[in-house]
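**Student:** Those sequence lines, one after another, are chains A and B. FYI, the numbering for the first sequence is 3 to 393, going by my numbering. FYI, the numbering for the second sequence is 81 to 479, going by my numbering. Don't be surprised by glycine CBs; every beta carbon is placed ideally from N, CA and C. Predicted model only: the values in this text are computed from it and were never measured.
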Amino acid sequence: MSASELTPPAANDWDPEALDTDEMILQMGPQHPATHGVLRVELRTDGEVVNAARPHIGYLHRCFEKHCENVDYPGVMPYADRMDYVAAMGNTLGFALAVEKLAGIEVSPYVNTVRVIMAELQRIASHCVAVGTYTMDIGAFTPFLHLLRDREKVLDLFEWTCGARLLYNYNWVGGVSHDLPDGFGRAARDLLREFDAITIPELIDLIIGNKIFIKRLAGVGVCSPELGISYDLTGPNLRGSGIPRDLRKDAPYCGYESYDFEVALGEGRFGPLGSCFDRNWVRVVEMRESSRILHQALDRLEKMERTDVHEKVPKRVKVPKGEVYFRSEAPRGQLGYYVVSDGKANPYRVKVKSPCFTAMSVFHHLARGMMIADIVALIGSLDIVLGEIDR
Amino acid sequence: MDITYDLLLRIFPALADAPSWVLVAIVAGLPALACFAFMGVGPVIYVYAERKISGFMQDRLGPMRVGKWGLLQTIADTVKLLFKEAIFPRDVDRTLFLLAPIIVCVGAFLPLVVIPWGARLQTADLNVGVFFVAAISSLSVIGLIMAGWASNNKYALFGGMRSAAQIVSYEIPAIMLLLVPVMIAGSLSLQDLVAVQAGGLQNWLLFRYFPIMPIAFVMFFVAGMAECNRTPFDIPEAESELVAGFHTEYSGFFFAMFMMAEYTEMFVISAVSSVLFLGGYLSPFPGGVLQTLGPLPLGWFWLIFKAWFLIFVMMWLRWTLPRLRVDQLMHVAWKVLLPVAFVLVVVTGFFVLLPETANGFLWDRWVAWPLTLAFVAFLFVVMVRALRWNRRRAQELAA
Chain A
3 MSASELTPPA
13 ANDWDPEALD
23 TDEMILQMGP
33 QHPATHGVLR
43 VELRTDGEVV
53 NAARPHIGYL
63 HRCFEKHCEN
73 VDYPGVMPYA
83 DRMDYVAAMG
93 NTLGFALAVE
103 KLAGIEVSPY
113 VNTVRVIMAE
123 LQRIASHCVA
133 VGTYTMDIGA
143 FTPFLHLLRD
153 REKVLDLFEW
163 TCGARLLYNY
173 NWVGGVSHDL
183 PDGFGRAARD
193 LLREFDAITI
203 PELIDLIIGN
213 KIFIKRLAGV
223 GVCSPELGIS
233 YDLTGPNLRG
243 SGIPRDLRKD
253 APYCGYESYD
263 FEVALGEGRF
273 GPLGSCFDRN
283 WVRVVEMRES
293 SRILHQALDR
303 LEKMERTDVH
313 EKVPKRVKVP
323 KGEVYFRSEA
333 PRGQLGYYVV
343 SDGKANPYRV
353 KVKSPCFTAM
363 SVFHHLARGM
373 MIADIVALIG
383 SLDIVLGEID
393 R
Chain B
81 MDITYDLLLR
91 IFPALADAPS
101 WVLVAIVAGL
111 PALACFAFMG
121 VGPVIYVYAE
131 RKISGFMQDR
141 LGPMRVGKWG
151 LLQTIADTVK
161 LLFKEAIFPR
171 DVDRTLFLLA
181 PIIVCVGAFL
191 PLVVIPWGAR
201 LQTADLNVGV
211 FFVAAISSLS
221 VIGLIMAGWA
231 SNNKYALFGG
241 MRSAAQIVSY
251 EIPAIMLLLV
261 PVMIAGSLSL
271 QDLVAVQAGG
281 LQNWLLFRYF
291 PIMPIAFVMF
301 FVAGMAECNR
311 TPFDIPEAES
321 ELVAGFHTEY
331 SGFFFAMFMM
341 AEYTEMFVIS
351 AVSSVLFLGG
361 YLSPFPGGVL
371 QTLGPLPLGW
381 FWLIFKAWFL
391 IFVMMWLRWT
401 LPRLRVDQLM
411 HVAWKVLLPV
421 AFVLVVVTGF
431 FVLLPETANG
441 FLWDRWVAWP
451 LTLAFVAFLF
461 VVMVRALRWN
471 RRRAQELAA
């Protein structure tokens, strides 16, 4: 890859004087069905071809990081839930682990297993939305509803456990809010068995293997491994480019090192490696791998002695002076929390490294020279959640 | 027209004394009224069917609240759309904005004039029927461009441009393929085209000239689907790309007119396909069995049955397939459909010229039937296997 391919487009691309007579500025969003939230993309189009694209973010900015400085550590959790609202479990898990690392709290293996179960169920639910909305972006409506149907079942499990369906406030500093209810293992196994035996094969039959779907995506939005690294892509987006980077393997937490699973990788089967198809395919395979982890975790849970999930939850979270950076593998990539404590009840500073933000940053690079329909495919394949980008 | 006249005279003998202009008005007006009624009621049925079919495909129920099984849902929606305010955004070209849905509707509804519902049940048996259908149905593209341009909205403009490119491109292979049955019948009149296929299922054009006609039928159906903007060719109104395409800025009844036009166009394409290839109003049984039921002619039933079946196939495809991209769409039209259509026209012309193959190939009687049967049997086996697979999975899950 040459250096010129890695350089971003020049700033004067957007000079109104520089606009060609054939060209037109198209504002896509903030209210547009394909931008997955309140994203605005400015496209400089020549007919159907996009000469340059510029994303505008910030429509969902809710001062998450500033809020954190004014509430105590457990109070941050509900805010963290609302960052990536499609995968709230992953957000709170990252923050809980960061604070536990700073405060030196060790949770029991039981709690760790419960956290893994919740995180992986959340990964399945989140990828269901990602893959489902993606098929809708490509124009097929039916797989979306099939996947949402199965996400509902995961949400039912969450509701059964902690009473909430979207924003759980489940992971606490030092534990989790509720123990798993009796019979949870059996219900979860039923769900997974159905998921493995029906949903995934049906999904692949119905849409992933569809010729139109493949033709639309393979070879579109190709992100080479070098480009992915230079823009700091993480999670499925980077793995779609064929780089086996997964924090559950590379920097394990919650005992992920003891589970047997594979890192899903893009294979470039129908076109160049790192295309939209590969990024989407990684999510599909990851759902299967999550199901594998869940089976192991549920096995383990049966043999394990139950401990009180509130055992290590401090009455008042006291964090010594210091700072910590902790990153975890959220469904959308590496979610990093940088927490600074001055020893008081509230964090002094919380900074989030968001996977969707970096995914969005590569967008303008990949979007050059695409057609409008491909722009939609590209946004969908990056699987952004605006709540996490804007915070 | 004659049949209306005869019927009227039989019921109201007094009418014979009426002045001739009254008779003409009534005799011409009644079929027109019937067409109007059909085009008004048709979309209501199709929309309901579409919502129910999509519902069942997506593992949900579809509309269930208004009336039994939601039967009144589309009527309620129609009433809602009728009473909704028609919003005119600032800076729209009002004249064109209003004219566009009307032109689209005219283009969609006018072909119904020549659709034959029975041997004598037809509003007008034009001797250029097929040509009329092709010409009038391409009128609607003007309305679509007009809507896209007049809306003063970039998405609508994109939708209008896309629909222009798409419909004009697909019209060419569609018309080439229309020529294939027309050459065999030697007439452009839809009545003559149906008459050629009389005598039962095996005489339908689909089952004659074995490899040519099935290909022509499938290709014509695909091109027709593209002409009425159905998925996988729905790029002019691609929801995830262009919000709603050319009708982004339309609301209330004007929006409903676009919807009506789209669904009526579906019916027209399906009806024309069944007239050309599936024997139109003829019953599938040999010897005219069930062509009439006592005194009641059943032609209309067979035509509607065949057309609705094709509409069902369109809906089935819509809720299964993703959408093509603009360049891929053009690729299909210009590089696949058009060359094959040319080849079919030339080959058909060649065989029609030879006296011994003018009425079908020699092997048709031996090959077309068994092959079609074999295909149906194959589909049946696939279906049974899928059902078995499902049942096995269900049993595994229950264990």
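Less than 9 Å between the C-beta atoms of Lys164/B and Gly332/B, yes or no?
**Tutor:** On the second sequence, residue 164/B is found 84 positions in, with the first residue counted as 1. On the second sequence, residue 332/B is found 252 positions in, with the first residue counted as 1. Yes.
**Student:** Out of Val113/A, Met79/A, Val352/A and Arg302/A, point me to the one whose CA is closest to Asp310/A's CA.
**Tutor:** To locate residue 310/A, count along the first sequence from 1; it is residue 308. Comparing Cα-Cα distances from Asp310/A to each of Val113/A, Met79/A, Val352/A and Arg302/A, the minimum goes to Val113/A.
**Student:** Let's see if you can read the secondary structure: which residues bound the beta strand (DSSP E) around Pro57/A?
**Tutor:** Locating residue 57/A in the first sequence gives position 55, where the first residue counts as 1. Start and end: Val51 to His58.
**Student:** Going by the CB atoms, is the gap between Asp385/A and Arg285/A shorter than 9 Å?
**Tutor:** As a working mapping, residue 285/A is identified with position 283 in the first sequence. As a working mapping, residue 385/A is identified with position 383 in the first sequence. Yes. Within cutoff.
**Student:** Apart from the five residues just before and just after Ala214/B, which ones in its own chain have a Cβ nearer than 6 Å to its Cβ?
**Tutor:** As a first step, residue 214/B must be located in the second sequence, where it is residue number 134. Correct list, in chain order: Ile255.
**Student:** Taking Val426/B and Met299/B to be in contact with their CB atoms under 8 Å, please state how far apart those CB atoms are, rounded to whole angstroms.
**Tutor:** To locate residue 426/B, count along the second sequence from 1; it is residue 346. To locate residue 299/B, count along the second sequence from 1; it is residue 219. Incorrect: roughly 15 Å between the Cβ atoms, too far for contact.
**Student:** Report yes or no: is there a C-beta of chain B within less than 9 Å of the C-beta of Gly221/A?
**Tutor:** On the first sequence, residue 221/A is found 219 positions in, with the first residue counted as 1. So, not an interface residue.
**Student:** Does Arg242/B get closer than 9 Å to chain C when you measure Cβ to Cβ?
**Tutor:** Although the question refers to chain C, the structure presented lacks it and instead comprises the protein chains A and B.
**Student:** Quick check on this structure: which residue in Leu176/B, Gly209/B, Leu376/B and Asp97/B has the alpha carbon closest to the alpha carbon of Ala351/B?
**Tutor:** For the purposes of this step, residue 351/B is taken as the residue at position 271 of the second sequence. Nearest of Leu176/B, Gly209/B, Leu376/B and Asp97/B to Ala351/B, Cα basis: Gly209/B.
**Student:** Please determine if the region 112–128 of chain B and the region 88–95 of chain B are in contact, where contact requires at least 3 C-beta pairs separated by less than 8 Å.
**Tutor:** Touching, no, given that fewer than three Cβ pairs across the two stretches are closer than 8 Å.
**Student:** Who are Thr372/B's beta bridge partners in DSSP?
**Tutor:** The residue you call residue 372/B lines up with position 292 of the second sequence. Thr372/B is bridged to Pro377/B.
**Student:** Rounding to the nearest angstrom, what Cα-Cα distance links Val463/A and Glu345/B in this structure?
**Tutor:** Lying outside 3 to 393, the shown extent of chain A, residue 463/A is not represented and no answer is given.
**Student:** Going by C-alpha distance, which of Ala332/A, Pro316/A, Lys317/A and Asp344/A is nearest Val326/A?
**Tutor:** For the purposes of this step, residue 326/A is taken as the residue at position 324 of the first sequence. Here the closest residue by C-alpha is Asp344/A.
**Student:** Who pairs with Thr47/A in a beta bridge, going by DSSP?
**Tutor:** Mapped onto the first sequence, residue 47/A falls at position 45. DSSP lists Met26/A and Val52/A as partners of Thr47/A.
**Student:** Run through the region 379–418 of chain B for me and flag every whole alpha helix (DSSP H) of 4 or more residues, listed as ranges in chain order.
**Tutor:** Correct list: 379–398 and 406–411.
**Student:** Grab me the residues of Asp376/A's own chain with a C-beta within less than 6 Å of its C-beta, minus the 5 sequence neighbours each way, in chain order.
**Tutor:** For the purposes of this step, residue 376/A is identified with residue 374 of the first sequence, where counting begins at 1. Correct list, in chain order: Val222.
**Student:** For the region 260–279 of chain B against the region 192–205 of chain B, do three or more pairs of beta-carbon atoms, one drawn from each stretch, fall closer than 8 Å, so that the two count as touching?
**Tutor:** Yes, since at least three Cβ pairs between the region 260–279 of chain B and the region 192–205 of chain B fall closer than 8 Å, the two stretches touch.
**Student:** Using the beta-carbon of each residue, which ones in chain B are nearer than 8 Å to Leu147/A?
**Tutor:** Indexing the first sequence from 1 puts residue 147/A at position 145. Those are Gln138, Asp139 and Arg140, listed as they occur along chain B.
**Student:** At the 9 Å Cβ level, is Leu467/B part of the contact set with chain A, yes or no?
**Tutor:** Looking up residue 467/B in the second sequence gives position 387. Chain A, which has no Cβ nearer than 9 Å to the Cβ of Leu467/B, makes this no.
**Student:** List the endpoints of the continuous beta strand (DSSP E) containing Gln336/A.
**Tutor:** Here residue 336/A refers to the residue found at position 334 of the first sequence. Element bounds for Gln336/A: Gly335 to Ser343.
**Student:** Less than 6 Å between C-beta atoms, sequence neighbours within five positions excluded: which residues of the same chain meet that for Val342/A?
**Tutor:** For the purposes of this step, residue 342/A is taken as residue 340 along the first sequence, with counting starting at 1. Only Glu325, Tyr350 and Arg351 meet the Cβ criterion.
**Student:** Anything in chain A within Cβ reach of Gln408/B, meaning under 7 Å, just list it in chain order.
**Tutor:** Position 328 of the second sequence holds residue 408/B. Result: Lys217.
**Student:** Hey, Phe290/B and Leu281/B are a contact pair by Cβ (cut 8 Å); roughly how many whole angstroms apart?
**Tutor:** For the purposes of this step, residue 290/B is taken as residue 210 along the second sequence, with counting starting at 1. For the purposes of this step, residue 281/B is taken as residue 201 along the second sequence, with counting starting at 1. 15 Å between Cβ atoms; not a contact.
**Student:** Counting only C-beta atoms, is Met26/A closer than 9 Å to chain B at any point?
**Tutor:** Here the question's residue 26/A lines up with position 24 in the first sequence. Chain B, which has a Cβ nearer than 9 Å to the Cβ of Met26/A, makes this yes.
**Student:** Since I believe Leu303/A is in contact with Thr115/A (beta carbons under 8 Å), could you give me their beta-carbon distance rounded to a whole number of angstroms?
**Tutor:** As a position in the first sequence, residue 115/A is number 113, starting the count at 1. As a position in the first sequence, residue 303/A is number 301, starting the count at 1. Between Leu303/A and Thr115/A the Cβ distance is about 5 Å, and since that is below 8 Å, they are a contact.
**Student:** Excluding the five sequence neighbours on either side, which residues of its own chain have a C-beta within less than 8 Å of the C-beta of Glu102/A, listed in chain order?
**Tutor:** Start at 1 with the first residue of the first sequence, and residue 102/A comes out as number 100. These residues qualify, in order along the chain: Glu108, Val109, Val175 and Gly176.
**Student:** Are the C-beta of Val393/B and some C-beta of chain A separated by less than 9 Å?
**Tutor:** Locating residue 393/B in the second sequence gives position 313, where the first residue counts as 1. False, the Cβ-Cβ gap to chain A never drops below 9 Å.
**Student:** If you check the beta carbons only, do Ser231/B and Pro169/B fall under 9 Å apart?
**Tutor:** Residue mapping note: residue 231/B aligns to position 151 of the second sequence, counting from 1. Residue mapping note: residue 169/B aligns to position 89 of the second sequence, counting from 1. Going by C-beta atoms, Ser231/B is nearer than 9 Å to Pro169/B.
**Student:** State yes or no: is the beta carbon of Tyr235/B nearer than 9 Å to at least one beta carbon in chain A?
**Tutor:** Taking the first residue of the second sequence as position 1, residue 235/B is located at position 155. Chain A, which has a Cβ nearer than 9 Å to the Cβ of Tyr235/B, makes this yes.
**Student:** Quick one: list the residues of chain B neighbouring Thr2/A, beta-carbon separation under 8 Å, in chain order.
**Tutor:** Past the edges of chain A, shown from 3 to 393, lies residue 2/A, and the structure says nothing about it.
**Student:** Helix, strand or coil for Tyr87/A? Go by DSSP, reduced to three states.
**Tutor:** In the first sequence, residue 87/A corresponds to position 85, counting from 1. Of the three classes helix, strand and coil, the one that applies to Tyr87/A here is coil, per DSSP.
**Student:** Kindly list the residues whose CB is nearer than 6 Å to the CB of Trp382/B, restricted to its own chain and excluding five residues on each side of it in sequence; keep chain order.
**Tutor:** Position 302 of the second sequence, counting from 1, holds the residue named residue 382/B. Result list for Trp382/B: Tyr361 and Ser363, in chain order.
**Student:** How many angstroms separate the CA atom of Val412/B from the CA atom of His58/A?
**Tutor:** The count along the second sequence starts at 1 and reaches residue 412/B at position 332. The count along the first sequence starts at 1 and reaches residue 58/A at position 56. When rounded, the distance between both Cα atoms is 36 Å.
**Student:** In three-state terms, what does DSSP make of Met373/A?
**Tutor:** Within the first sequence, numbered from 1, the residue matching residue 373/A stands at position 371. DSSP places Met373/A in strand when its eight states are reduced to three.
**Student:** Does the beta carbon of Asp272/B sit closer than 9 Å to a beta carbon anywhere in chain A?
**Tutor:** Here residue 272/B is taken as the residue at index 192 of the second sequence, counted from 1. Not an interface residue.
**Student:** My parser needs the alpha helix (DSSP H) runs of 4 or more residues fully inside the region 287–372 of chain A; what are they?
**Tutor:** Entirely contained in the region 287–372 of chain A, the alpha helix (DSSP H) runs reaching 4 residues are, in chain order, 357–363 and 365–369.
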